[in-house]
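For reference, the structure is listed below as structure tokens.
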Amino acid sequence: MAFLEIDDVHKSYGHHEVLKGVTLNVERHEVVCLIGASGSGKSTLLRCVNALEEIQQGEIRIEGDTVTGAGVDLNALRRDVGIVFQSYNLFPHMSVLDNVMLAPIRVGGVNRRAALERAERLLESVGMQDKAKSYPDMLSGGQQQRVAIVRALAMQPRVMLLDEITAALDPELVGDVLEIVRELAHGGLTMLLATHEMGFAKEVASQVCFLDAGQILERGSAQQIFEDPQEPRTQQFLSRVVKSGRL
Amino acid sequence: MSASSLVTEELQPSPSPSPPRPVYRLAVVALVLAAAVTAVMIKGALMLRDYNHDGWLATTIGVVLVVLSLYAWVPCARAFVGARERGALLAQGELVPSRRVAARAREEANISMGYAAAGLIVAGLLIFLFANSGGVASTFFAIDPIKQSFHQVIHAFWTNIWVACVSEVLVLLLGLLVAIVRMLPGRAGMPLRMIAIVYCDVFRAIPAIVVIFLIVFGLPLTGVHFFVTMSTTWLGIIALTLTYTAYVSEVYRAGLASIHPSQSAAARSLGLGYVQTLRTVLVPQAVRRVIPPLLNDFISLQKDTALLSTAAIAEALLVSKLWESQLFNLSPVVLVAAFFIIITIPQARFVDYLIDRDAARRAGK
Chain A
473 MAFLEIDDVH KSYGHHEVLK GVTLNVERHE VVCLIGASGS GKSTLLRCVN
523 ALEEIQQGEI RIEGDTVTGA GVDLNALRRD VGIVFQSYNL FPHMSVLDNV
573 MLAPIRVGGV NRRAALERAE RLLESVGMQD KAKSYPDMLS GGQQQRVAIV
623 RALAMQPRVM LLDEITAALD PELVGDVLEI VRELAHGGLT MLLATHEMGF
673 AKEVASQVCF LDAGQILERG SAQQIFEDPQ EPRTQQFLSR VVKSGRL
Chain B
-12 MSASSLVTEE LQPSPSPSPP RPVYRLAVVA LVLAAAVTAV MIKGALMLRD
38 YNHDGWLATT IGVVLVVLSL YAWVPCARAF VGARERGALL AQGELVPSRR
88 VAARAREEAN ISMGYAAAGL IVAGLLIFLF ANSGGVASTF FAIDPIKQSF
138 HQVIHAFWTN IWVACVSEVL VLLLGLLVAI VRMLPGRAGM PLRMIAIVYC
188 DVFRAIPAIV VIFLIVFGLP LTGVHFFVTM STTWLGIIAL TLTYTAYVSE
238 VYRAGLASIH PSQSAAARSL GLGYVQTLRT VLVPQAVRRV IPPLLNDFIS
288 LQKDTALLST AAIAEALLVS KLWESQLFNL SPVVLVAAFF IIITIPQARF
338 VDYLIDRDAA RRAGK
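Okay, structure coming up:
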């Protein structure tokens, strides 16, 4: 039994089927990278795991417990499953510190002092301690994204979902954010990430899945996918990525 | 032949150097306007002086207005100087300096015309005020009726302020409640949603004056003890609250709808529940955004307290109308208008200040 099991998941918006039976197992401490063109269903899959999207068919299990369908305590699930978005989505009316402390205090039942201590420690470890009192609009994209990662980590999730978290960043800010993800990977955090950073995927992924039109077309180790892709669609996608100078 | 089909050989032809734009015509128009405003202002000032029987205050104000109207001549003169300079530079073949001088001179002529146009409006109002030997002034701005009624009218105006303040607090809370009820999710929320929609539709449709009439006169007639013993002022507060809650709930709803769904997704993904998300993430942001339109509705509400005069509630308009019928002069009613202006303008400035402060804080200044 894998830690996170995604079992034949179907998702449609109206008549448009975005996920057409995705099956994927993620072991504990594993880092799984989802690659594929825009619209292939990477983000939707992540949002389904977090129950931000309802699925029409199939099942998702975490440690054997079904977390899809009626009767699941979604708030409890989301405490376990952190997500970081492409557009950061920090709360603009709260300071950095309040952004990080909100969920531990309101949801985790941590007292204010403990939450503050933890938030400050986390901010320090991503080099954001000086910005604790700042508001999100005062920060660069890279800084906002680091805060967003910390905000998700503050709930001590068992698995993190990263949804193209560097796609909206200026090239010179990408490195700082990836460095944090690299550290999380080395620390053994289970992660499922959608990314366009092929070089990074190659480096951290224990498993790479190529999504195409709502299905996982090919999966394997990073070496296997990037150096010896079997499917024509995968080959085509990767050659385009190489042409655009991103691999 | 170009190496790329994206770049063509046929480029735009080089432009010939553009001559300086003409100035004299514009300066002459400015001159005519400046002369007109001075003439009209002198006429208005004379009427002001005559109406006040050569009183020193009226004479001084008249002189000041005429002097101010002369200001339009200054940029006008600069425009003429610039026009001459333009010609001289152009004759020497100094194209670029000549263009710059011409541009500045035209700007001066425009400034002169701007002042003159504003001055004409002021002078026109002045003449209107003292037309028919000061008929307008004595109808609306007679000093004696204002003095006589001032004490009672300002006392009655406290009722307007009290009604407005209490209604505003109630509207602020109930409006948010109705807006949230209208956004309740799912089938479970459907019946309440429907009630909220019907309430908003009905009370936005009925004119405030009709609601006031029905509530203030009608509720005591029902014989229900609670309403019979209630003061008419409180009944008026109920009427205004019912009307304005419907409007304000729409403002709140627009504010909540304007928060990007990603904010809600971020909050929910952290494990915050529906109510927690509303309370800590959506409502605080929505309220900040809707402060300006909210104040708009509140100014409307404050003004509509004057409608309570139709329900025989002794507020400022009712009292001033009693004075009007006694003195056969409208000035006490103008006094009420002045009170409304005085309370409204500071609020508008205060909200501007709040918006600036919020923006500055977020931008870290």
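Chain order of the listed sequences is A and B. Sequential numbering from 473 applies to the first sequence in the numbering used here. Sequential numbering from -12 applies to the second sequence in the numbering used here. Even glycine gets a Cβ: it sits at the ideal position worked out from N, Cα and C.
- Residue-level contact by beta carbon holds for A:H565 and chain B, with a gap shorter than 9 angstroms.
- In this structure, the CA atom of A:R500 is about 7 angstroms from the CA atom of A:A474.
- Among the residues facing chain A, B:G162 is not included, as its CB has no counterpart in that chain under 9 angstroms away.
- Pairing B:T230 with B:I193 gives a Cβ-Cβ distance under 9 angstroms.
- Secondary structure note for A:A666: its beta strand (DSSP E) is the uninterrupted segment T662 to A666.
- Judged by beta-carbon spacing, B:T146 lies within the 9 angstroms limit of B:I300, meaning their Cβ atoms are closer than that value.
- Counting along the chain, A:H501 sits inside no alpha helix (DSSP H), nor does DSSP assign it H or E at all.
- Contiguous alpha helix (DSSP H) elements confined to the segment 275 to 333 of chain B occur at 303 to 314, taking only those with 4 or more residues.
- In terms of Cα proximity to B:T264, the closest of A:D480, A:L491 and A:R578 is A:R578.
- A direct Cα-Cα distance of roughly 50 angstroms separates B:W221 from B:T46.
- Interface annotation for the segment 573 to 589 of chain A against chain B: L574, A575, R578 and V579, criterion Cβ-Cβ distance under 7 angstroms.
- By the Cβ rule, the segment 265 to 285 of chain B counts as touching the segment 324 to 338 of chain B, because three or more pairs are nearer than 8 angstroms.
- Listed along chain B, the residues sitting closer than 7 angstroms to A:I555 by beta-carbon distance are S256.
- Under the DSSP assignment, A:F563 falls outside any alpha helix (DSSP H); it carries neither an H nor an E label.
- When the alpha-carbon of A:V680 is set against those of A:C520, A:V503 and A:K492, the nearest one is in A:V503.
- Distance from the Cα of B:S251 is smallest, within the candidate group A:S612, A:G511 and A:L524, for A:L524.
- At a Cβ-Cβ threshold of 9 angstroms, A:L645 and A:L625 do not count as neighbours.
- Following the DSSP letters along the chain, one finds B:I108 inside the alpha helix (DSSP H) bounded by residues L82 to L116.
- For the pair B:E(-3) and B:S(-9), the Cα-to-Cα distance works out to about 13 angstroms.
- The shortest C-alpha to C-alpha distance from B:A347 to any of A:G513, A:V521, A:D609 and A:D552 is the one to A:D609.
- A Cβ-Cβ separation of about 32 angstroms leaves B:A226 out of contact with B:I246 under the 8 angstroms criterion.
- For A:N522, the C-beta contacts it makes with chain B under 7 angstroms involve S256, in order along the chain.
- Residue nearest to B:V321 within the set B:A17, B:V50 and B:P132 is B:P132 (criterion: CA-CA distance).
- The contact set of B:A350 on chain A, defined by CB atoms closer than 7 angstroms, consists of D609 and M610 in chain order.
- What A:N497 touches in chain B, judged by beta-carbon distance under 7 angstroms, is nothing: the nearest beta carbon there is about 22 angstroms away.
- Distance from the Cα of A:A639 is smallest, within the candidate group A:R551, A:A604, A:P576 and A:F672, for A:F672.
- Exposed is the label assigned to A:S510, since fewer than 16 other Cβ atoms lie within 10 Å of its Cβ.
- Judged by DSSP secondary structure, A:M632 falls within the beta strand (DSSP E) whose first and last residues are V631 to D635.
- Using a Cβ distance threshold of 9 angstroms, B:L295 and B:V235 do not count as a contacting pair.
- The distance from the Cβ of A:G493 to that of A:L683 is about 12 angstroms, inconsistent with a contact at the 8 angstroms cut-off.
- Bounds of the alpha helix (DSSP H) holding B:R191 are M177 to A192.
- Residues F214 and V215 of the same chain have their beta carbon placed closer than 7 angstroms to that of B:P207, with the five preceding and five following residues left out of the count.
- Membership of A:L683 in any alpha helix (DSSP H) is not indicated; the residue belongs instead to the beta strand (DSSP E) covering Q679 to D684.
- The way I'd put it, the segment 89 to 104 of chain B doesn't touch the segment 30 to 46 of chain B; fewer than three beta-carbon pairs between them come closer than 8 angstroms.
- About 5 angstroms separates the Cβ atoms of A:S606 and A:V568, confirming a contact at the 8 angstroms cut-off.
- For the segment 118 to 142 of chain B, the full-length alpha helix (DSSP H) segments reaching 4 residues or more read 118 to 127 along the chain.
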